[in-house]
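A.B. asks:
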Amino acid sequence: MLLWSINLLNHSSEYAVIDGKNNVASDKRAIAKSFGGAAGSYNSVTGLQRNIGDALLELLKEYRSVSTDEHVLDIGCGTGYLVSQLRRDVGDFYALDIAQGMLQVAKQTGNEQNRSAQELGNSKVHYICADAEAIPLKASTVDIVVSNFAIQWCPNKSLLFEEVARVLRPGGVFVFSMPGTDTLRELKASWQKADPNHSHVNQFCGVQEIERDIINSSLVIETLKVRQHVKHYDKLQYLTCELKAMGAHNVTDGRAKQLTGKGTIKRLVAAYDEFRNERGLLPATWNVIYGVLIKSNQRSE
């Protein structure tokens, strides 16, 4: 693990790893604060994300065999799961997250792995606190970009894809996953019954919107597909507590500004209970978009 700072291209400020100050918009600061505050509990509730991360790594293997002379960027690295899975197989690894709390946990988690990797002469991990829409790396720096359940929080995905294209070398690959349209539809429908005047569930974009956002970049779509993942809970409270522990708070414009009343909560529980299956469990559906994009050799950044 290296402590370092990177001069931003065409910017006067610096992003310092772990200790840096990231210049992000207020809504992004709210997201960073939410996930940073959840860093300590994140690993205890991320079984779904880890399963999706494993599927993402399998997808990467279909399109690219990684080697120790290649450099990798993980956008939204969180507590470092993909770092731990890939770092021994690649060269330099850039672990980027907007939440310093997440990077602190990733750094702590990686200490033992760091020592083992250094003994074996394997990759160095650079922890970077920065905005994915302003990646503080020079053009054509990395061969592979990965991102697991992170880019949904980027408000300007066109800019995100342009940034990924900029830092990728020609022929490089970007493999990502993100929740898509109609994710948590049971929760959304239940809130609509309980409190129709406010938005309580984050809205996620679909494949067509992602395709539109990619157009202006030099990234070529190899695959964009949706897989459905369903988790089950005994009580609605277990789902909502898990979402809170993940840091996935509601950031929609129509969210309620005051605390939700007991009557509304009772209506919510009753509405969600209508989804209870024959085994007596409550489903929560995640429609996950998996994407593989290749940096075109035809256009230079």
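Counting in our numbering, the sequence shown tops out at residue 306, every number present.
Ideal Cβ placement from N, Cα and C applies to all residues, glycine included.
In three-state terms, what does DSSP make of Asp278?
C.D. replies: In this structure, Asp278 counts as helix in the three-state DSSP scheme.
A.B. asks: Can you say whether Leu287 is buried or exposed, counting buried as having 16 or more other CB atoms within 10 angstroms of its CB?
C.D. replies: So Leu287 ends up on the buried side.
A.B. asks: Taking the alpha carbon of Leu87 as the reference point, which residue from Pro160, Ile149 and Asp74 has its own alpha carbon closest?
C.D. replies: Answer by Cα proximity: Ile149.
A.B. asks: Could you check if Pro160 is buried or exposed, using at least 16 other CB atoms within 10 Å of its CB as the buried criterion?
C.D. replies: The residue in question, Pro160, is exposed, as its Cβ has fewer than 16 Cβ neighbours within 10 Å.
A.B. asks: Give a yes or no on whether 8 Å exceeds the smallest Cβ distance from Ser152 to chain C.
C.D. replies: Within the model displayed, chain C is absent; a lone protein chain is all it includes.
A.B. asks: Please name the residue in Ser163, Gln233 and Gly268 whose C-alpha comes closest to that of Asp187.
C.D. replies: Asp187 has its Cα closest to that of Gln233, out of Ser163, Gln233 and Gly268.
A.B. asks: Are the beta-carbon atoms belonging to His131 and Asp97 less than 8 Å from one another?
C.D. replies: Cβ distance < 8 Å, so His131 and Asp97 count as in contact.
A.B. asks: Within this structure, are the beta carbons of Leu153 and Leu61 separated by less than 8 Å?
C.D. replies: Looking at the sequence shown, residue 153 is not Leu but Asn. Contact flag set, yes.
A.B. asks: Assuming Arg174 is part of the beta strand (DSSP E), what are its boundary residues?
C.D. replies: It spans Leu173 to Pro184 - the beta strand (DSSP E) in which Arg174 sits, taken as one unbroken run.
A.B. asks: Using only the alpha-carbon positions, how far apart do Ile294 and Gln157 sit?
C.D. replies: Near 10 Å, if we compare the C-alpha coordinates of Gln157 and Ile294.
A.B. asks: In angstroms with no decimal places, state the Cα-to-Cα distance between Ile103 and Glu168.
C.D. replies: Those two C-alpha atoms are separated by around 15 Å.
A.B. asks: Taking the straight line between their C-alpha atoms, what separation do you get for Gln213 and Ile57?
C.D. replies: Each residue's Cα considered, the two are about 21 Å apart.
A.B. asks: If you reduce the DSSP assignment to three classes, tell me which class Gln109 lands in.
C.D. replies: Three-state DSSP puts Gln109 in a helix.
A.B. asks: Within 10 angstroms of the Cβ of Asp278, are there 16 or more other Cβ atoms? Answer buried if so, exposed if not.
C.D. replies: Exposed, because fewer than 16 other Cβ atoms sit within 10 Å of the Cβ of Asp278.
A.B. asks: For Leu244 and Lys271, what's the separation of their Cα atoms in angstroms?
C.D. replies: Cα to Cα, the separation comes out at about 15 Å.
A.B. asks: Note down the Cα distance separating Val235 from Leu192, rounded to an integer number of angstroms.
C.D. replies: Their Cα atoms are separated by approximately 13 Å.
A.B. asks: Is the beta carbon of Ala144 sitting closer than 8 Å to the one on Val178?
C.D. replies: No, they are not a contact pair.
A.B. asks: Sorted by chain position, which residues of the same chain lie with C-beta nearer than 6 Å to Leu229's C-beta, five sequence neighbours on each side aside?
C.D. replies: Result list for Leu229: Val212 and Gly296, in chain order.
A.B. asks: Which residue comes first and which comes last in the beta strand (DSSP E) that contains Ile294?
C.D. replies: Leu287 to Lys300 is the span of the beta strand (DSSP E), which, as asked, contains Ile294.
A.B. asks: Alpha helix (DSSP H) containing Asn56: first to last residue?
C.D. replies: Unbroken alpha helix (DSSP H) run through Asn56: Gly52 to Tyr68.
A.B. asks: Do the CB positions of Lys300 and Ser223 come within less than 8 Å of each other?
C.D. replies: Going by C-beta atoms, Lys300 is nearer than 8 Å to Ser223.
A.B. asks: Around the Cβ of Val231, are there at least 16 other Cβ atoms within 10 angstroms (buried) or fewer (exposed)?
C.D. replies: Counting Cβ neighbours within 10 Å, Val231 comes out exposed, since fewer than 16 surround it.
A.B. asks: Measuring straight from C-alpha to C-alpha, what distance separates Val180 and Ile215?
C.D. replies: Distance between the alpha carbons of Val180 and Ile215: 13 Å.
A.B. asks: Please state whether DSSP places Ala100 in a helix, a strand or coil.
C.D. replies: It is a strand residue.
A.B. asks: Beta strand (DSSP E) containing Ile318: first to last residue?
C.D. replies: What the structure shows of the chain is the stretch from 6 to 306, and residue 318 is not part of that stretch, so it cannot be assessed.
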